[in-house]
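Undergrad:
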DNA sequence: TTGTTAATGCAACTTAGTTTTAATAAATTT
DNA sequence: AAATTTATTAAAACTAAGTTGCATTAACAA
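Protein chains in written order, with the numbering used here: chain A, 978 to 1103; chain B, 978 to 1103.
Now the structure itself:
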């Protein structure tokens, strides 16, 4: 439904994403903001920020929800469509701004896809 | 650790996958075999069948675990590496036996990847 | 400044999956 | 074939992520 009123919770959450270029899991945000925002509120605000095209979400390999900043999305159109990368050594998760071609599949209509890649990030592969 | 003894639970579970060519979620198997096998056992047997290269697992869009038959995998090498497709209309999930090229990513080492595609299956796209 | 209602906190709940432990039953040995 | 070993099982309790209901609080428009 999107955000209507500017509140302290929203500022706190947005601030976390401004401080960090990587994706952040909901679980981690709950830990980080434990003393400041209730977890229900965190889930609700994240949900609204996603509706507004500010953040996008995806599931990690463990099924946990991750959020990252959108680039060029709006309330009506989520144009983001890129793979996400999880480093097996340090655990960081980030967006890969590369294009991966999803082939046409005979007789099927592709509406959405999610590509998750696991490996070693720049820092850990060195 | 793999399967050592042949038991009724294993037969029942393998039978489900012989009857069905699509993937089956753990949750669905628990429902189907509710009166016959305890859910703990179902999770454990699935885990062992995966170790043995009989089944492979992946997470669906909702984070729920799905299992499908392997083709040409062994206890030591899981060679399966293909996208999975979930139909938004009928909910079926299956393996796509097509090759999707995952591009090299500069300075990163790719070890594993998972591609999930959502859309309409053959039956529902018609 | 007040009234409306969006947003929040809290507690209770749901759901998928795991752990512990004692009982059961394959498979091996005698 | 009986005894033994130990993998497998069921049951109950638990964990962790995320959701729901509801009373309270606080944006913000009038």
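For each residue, glycine too, the CB sits at the ideal point set by N, CA and C.
Checking the sheet assignment: what are the DSSP bridge partners for residue 1130 (chain B)?
TA: Missing from the structure shown is residue 1130 (chain B); chain B here goes from 978 to 1103 and no further.
Undergrad: Does any C-beta atom of chain A lie closer than 8 Å to the C-beta of residue 1097 (chain B)?
TA: Residue 1097 (chain B) counts as touching chain A.
Undergrad: Would you mind telling me which residues of chain B sit closer than 7 Å to residue 1090 (chain A), beta carbon to beta carbon, in chain order?
TA: 1092, 1093, 1094, 1095
Undergrad: On the DSSP bridge assignment, give the partners of residue 1086 (chain A) in chain order.
TA: B:1097.
Undergrad: For residue 1073 (chain A), which residues in the same chain have their Cβ closer than 8 Å to its Cβ, ignoring the five residues on either side in sequence?
TA: Same-chain partners within the cutoff: 1059, 1060, 1061, 1062, 1094.
Undergrad: Taking DSSP as the reference, what is the three-state secondary structure of residue 1022 (chain A)?
TA: Residue state, collapsed to three classes: helix.
Undergrad: Taking 8 Å as the cut-off, decide whether the C-beta atoms of residue 1043 (chain A) and residue 1100 (chain A) are in contact.
TA: Result no, Cβ atoms of residue 1043 (chain A) and residue 1100 (chain A) do not sit closer than 8 Å.
Undergrad: Decide yes or no for the touch test of the segment 1080-1095 of chain A against the segment 1025-1042 of chain A: beta carbon pairs closer than 8 Å, at least 3 of them.
TA: yes
Undergrad: Please report the straight-line C-alpha distance between residue 1010 (chain A) and residue 1066 (chain A), rounded to a whole angstrom.
TA: 25 Å
Undergrad: Should residue 1019 (chain A) be labelled buried (16 or more other beta-carbon atoms within 10 Å of its own) or exposed?
TA: buried
Undergrad: Since residue 1072 (chain A) sits in a beta bridge, which residues does DSSP pair it with?
TA: A:1061
Undergrad: At what residues does the alpha helix (DSSP H) containing residue 996 (chain B) begin and finish?
TA: 985-996
Undergrad: With DSSP as the reference, identify every bridge partner of residue 1010 (chain B), one or two as the case may be.
TA: DSSP links residue 1010 (chain B) through a beta bridge to no other residue.
Undergrad: Under a CB-based cut-off of 8 Å, is residue 990 (chain B) close to chain A?
TA: no
Undergrad: Taking residue 978 (chain A) as the reference, which of A:1052, A:1068, A:1070 has the closest Cα?
TA: Nearest to residue 978 (chain A) by alpha-carbon distance, out of A:1052, A:1068, A:1070, is A:1052.
Undergrad: Are there 16 or more other CB atoms within 10 angstroms of the CB of residue 985 (chain A), so buried, or fewer, so exposed?
TA: exposed
Undergrad: How would you call residue 1032 (chain A), buried or exposed, if buried means at least 16 neighbouring beta carbons within 10 angstroms?
TA: buried
Undergrad: Please report the distance separating the alpha-carbon of residue 988 (chain A) from that of residue 1006 (chain A).
TA: 13 Å
Undergrad: Verify whether the separation of the beta carbon atoms of residue 1023 (chain B) and residue 1003 (chain B) is less than 8 Å.
TA: yes
Undergrad: What residues in its chain sit with their C-beta under 8 Å from that of residue 990 (chain A), if we drop five residues either side in the sequence?
TA: 1006, 1010, 1014, 1019, 1022, 1023, 1026
Undergrad: Closer than 8 Å by beta-carbon distance: list the chain A residues that pair up with residue 1027 (chain B), in chain order.
TA: Under the 8 Å cutoff, chain A gives no residues; its nearest Cβ is about 15 Å from residue 1027 (chain B).
Undergrad: Report yes or no: is there a C-beta of chain A within less than 8 Å of the C-beta of residue 985 (chain B)?
TA: no
Undergrad: Measure the alpha-carbon distance for residue 1076 (chain A) versus residue 981 (chain B) and round it to whole angstroms.
TA: Looking at the two C-alpha atoms, the distance is approximately 45 Å.
Undergrad: Measure the CB-CB distance between residue 1085 (chain A) and residue 1102 (chain B) and report whether it falls below 8 Å.
TA: yes
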